[in-house]
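First the structure, in the form of structure tokens, and then the observations on it.
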Amino acid sequence: MTDVRTRPGDALVDEADRRRRIALVASKGTLDQAYPPLILATTAASLGWEAGVYFTFYGLDIIHQDRLEKLKVASLANPAGPIQLPNLLGALPGATAAATKMMKKWMTDARMPSVPEFIEMSQDLGVRFFACSTTMGVMGVVEDDLIKGCEIAGAAAFLDFAADADVQLFV
Amino acid sequence: MTSQFTKVTHERVDFELDASGLLCPLPVYRASLALNQLSPGQVLRVITTDPGALEDIPALARQTGNTLLGTEREQERALFWIEKGARS
Chain A
110 MTDVRTRPGD ALVDEADRRR RIALVASKGT LDQAYPPLIL ATTAASLGWE AGVYFTFYGL
170 DIIHQDRLEK LKVASLANPA GPIQLPNLLG ALPGATAAAT KMMKKWMTDA RMPSVPEFIE
230 MSQDLGVRFF ACSTTMGVMG VVEDDLIKGC EIAGAAAFLD FAADADVQLF V
Chain B
1432 MTSQFTKVTH ERVDFELDAS GLLCPLPVYR ASLALNQLSP GQVLRVITTD PGALEDIPAL
1492 ARQTGNTLLG TEREQERALF WIEKGARS
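Residue numbers (the numbering used here), protein chains in the order written: chain A, 110 to 280; chain B, 1432 to 1519.
Here's what the structure looks like:
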């Protein structure tokens, strides 16, 4: 049987010795959208996989030192979401704060780690964090603004990592 | 965070991890940390209540090269016995 993951030029590696790899893109900067890539990366690393997350556009906020603790749930993001309001009322001041507070309470009550805790857990397991260099330039973010351990990368560098991934997901 | 498991003296169980009340990915995360502490041939027993764990823990064993020796259901709890593999 042909292994589709073996490409011309690749060194021959015993399939049993080869670590699986996941490449994730985190493109959203809301609290609810920060969880899925961090949970998947943490899980993949727990399974012994190599894992990398590319933080791009608003997703860069997840690894921004001053912003990662302030991620919010947009009350307009999910009409059936934490705050049961007509969308028009979701635009009122306070709706986002209320939706954010409610999701944080759900997570705490369910004994789920916070976003900063998931970041620490995943980094401790060796998950690689890639910071999109274009987003940094566009949004005026410098390396010192980011949490420790991030690799600044352009799209080609991330694709180079993702090309050898068994699973690639965009969040 | 560190995994919390205690040594138990029971045949074919060297360590036990109680992940009751924890949701995905925490049972897998903690079981993985626990397995990393074991020597080949040692057995970890994991207790879970998350319905997702019924498939997650066997998947963890498969993906990490460890052997799922057995599972048991008792009401909402599920128990898993995982033997640490030689090369995991």
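Just so it is clear, CB atoms sit at the ideal spot from N, CA and C, and this is done for glycine as well.
Between the C-alpha atoms of P1489(B) and G203(A), what's the straight-line distance to the nearest angstrom? 44 Å
Classify W215(A) as helix, strand or coil using the three-state DSSP reduction. helix
Roughly how many angstroms lie between the CA atoms of R1443(B) and R1504(B), to the nearest whole one? 18 Å
State yes or no: is the C-beta of A160(A) within less than 8 Å of the C-beta of V236(A)? yes
In the DSSP assignment, the beta strand (DSSP E) including I131(A) goes from what residue to what residue? R130 to A135
Through-space distance from L1466(B) to Q277(A), alpha-carbon basis: 27 Å
Compute the Euclidean distance between the alpha carbons of V1459(B) and A272(A), then round it to the nearest angstrom. 27 Å
Of all Cβ atoms in chain B, is any one closer than 8 Å to the Cβ of L156(A)? yes
Pick out whichever of E1507(B), L1485(B), S1470(B) and L1454(B) has its Cα sitting closest to the Cα of R220(A). L1454(B)
Residues within the segment 1464–1477 of chain B neighbouring chain A, beta-carbon criterion of under 9 Å: L1464
Within the same chain, show all residues whose beta-carbon is closer than 7 Å to that of D1449(B), passing over the 5 residues directly before and after it, in chain order. I1478
Using beta carbons (cut-off 8 Å, strictly below), is T1495(B) in contact with chain A? yes
Following the continuous alpha helix (DSSP H) through E226(A), name the residue where it begins and the one where it ends. V224 to D233
Local Cβ density within 10 Å of P1482(B), reported as buried at 16 or more and exposed below that: exposed
Quick check: the segment 250–266 of chain A against the segment 169–176 of chain A, are there 3 or more CB pairs under 8 Å? yes
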